[in-house]
Amino acid sequence: MTLSPTGLRFAKRRLPCVIGKGGKRADKREGDGATPVGVHRIVGMLYRPDRMVQPRSWAEPIGPRDLWSDASGDAAYNQHVRAPYGQSHERLRRADPLYDLVLVTDWNWPKAEAGKGSAIFLHQWRRAGYPTEGCVAFAREDLHWIAARVEIGTRLVVR
4 MTLSPTGLRF AKRRLPCVIG KGGKRADKRE GDGATPVGVH RIVGMLYRPD
54 RMVQPRSWAE PIGPRDLWSD ASGDAAYNQH VRAPYGQSHE RLRRADPLYD
104 LVLVTDWNWP KAEAGKGSAI FLHQWRRAGY PTEGCVAFAR EDLHWIAARV
154 EIGTRLVVR
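Residues in the sequence shown are numbered from 4 upward in steps of one, following our numbering.
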């Protein structure tokens, strides 16, 4: 997968996508809204079992207590955690459909460096042209198409 100015190139297709409102940055920091430049790998897939069938055998269900830590100084920073979790976090089970299907990247993972950024995912967009907080987002049908073909370890190149 290669992110280009015209979308994401993957499996001989170009798919429209949006990136972080902070653009692309080589010096990604927590909260800057930027998509990190580099070569990242897909390390997981999460999905909402109440909204869709399991897309791949290795996809893990998102439950009501599932969270992602964005607490920079915490030992669980940039990790999948479960409630109760008293530190800063993002809910994975959302009311909107953005995280119904999530591809997890290895940005600042598994040994996270404090302040370097967290929760860099591939997920569904709000709408075309609406930026993310640093993730790469797609139309629902394109995200599902990617999920059906991606493997653990697939590279995401952000130049």
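Glycine included, each C-beta is placed from N, C-alpha and C at the ideal position.
On the three-state DSSP scale, how would you describe residue i?
i	result
Ala151	helix
Leu101	coil
Using the DSSP secondary-structure output, state which residues sit across from residue i in a beta bridge.
i	result
Trp71	His83, Glu93
Ala140	Val21, His126
Thr135	Gly23
Gly10	Ser7
Thr157	According to DSSP, Thr157 bridges with nothing at all.
Leu106	Met48, Leu125
Arg16	Phe13
Taking Cβ to Cβ, would you say residue i is nearer than 9 Å to residue j?
i	j	result
Ser163	Ser75	With the chain covering only 4 through 162, there is no way to say anything about residue 163.
Thr9	Thr135	no
Gly36	Gly137	yes
Leu159	Leu6	yes
Ala86	Arg68	yes
Arg32	Gly118	yes
Val3	Val107	This structure cannot settle anything about residue 3, because the visible part of the chain is limited to 4 through 162.
Val202	Val161	Given a span of 4 to 162 for the chain in the structure shown, any question on residue 202 remains unanswerable.
Arg54	Pro100	yes
Hey, residue i and residue j are a contact pair by Cβ (cut 8 Å); roughly how many whole angstroms apart?
i	j	result
Leu104	Ala150	6 Å
Tyr50	Leu70	That pair is no contact at about 16 Å.
Asp73	His92	6 Å
Asn81	Trp128	Between Trp128 and Asn81 the Cβ distance is about 22 Å, and since that is not below 8 Å, they are no contact.
Mind checking whether the beta-carbon of residue i lies closer than 8 Å to any heavy atom of the ligand MN?
i	result
Lys114	Only the bare structure without any ligand can be found here, which leaves the ligand MN out of the picture.
Length-filtered (3 minimum) beta strand (DSSP E) runs lying within the stretch 28 to 78: 41 to 50, 69 to 72
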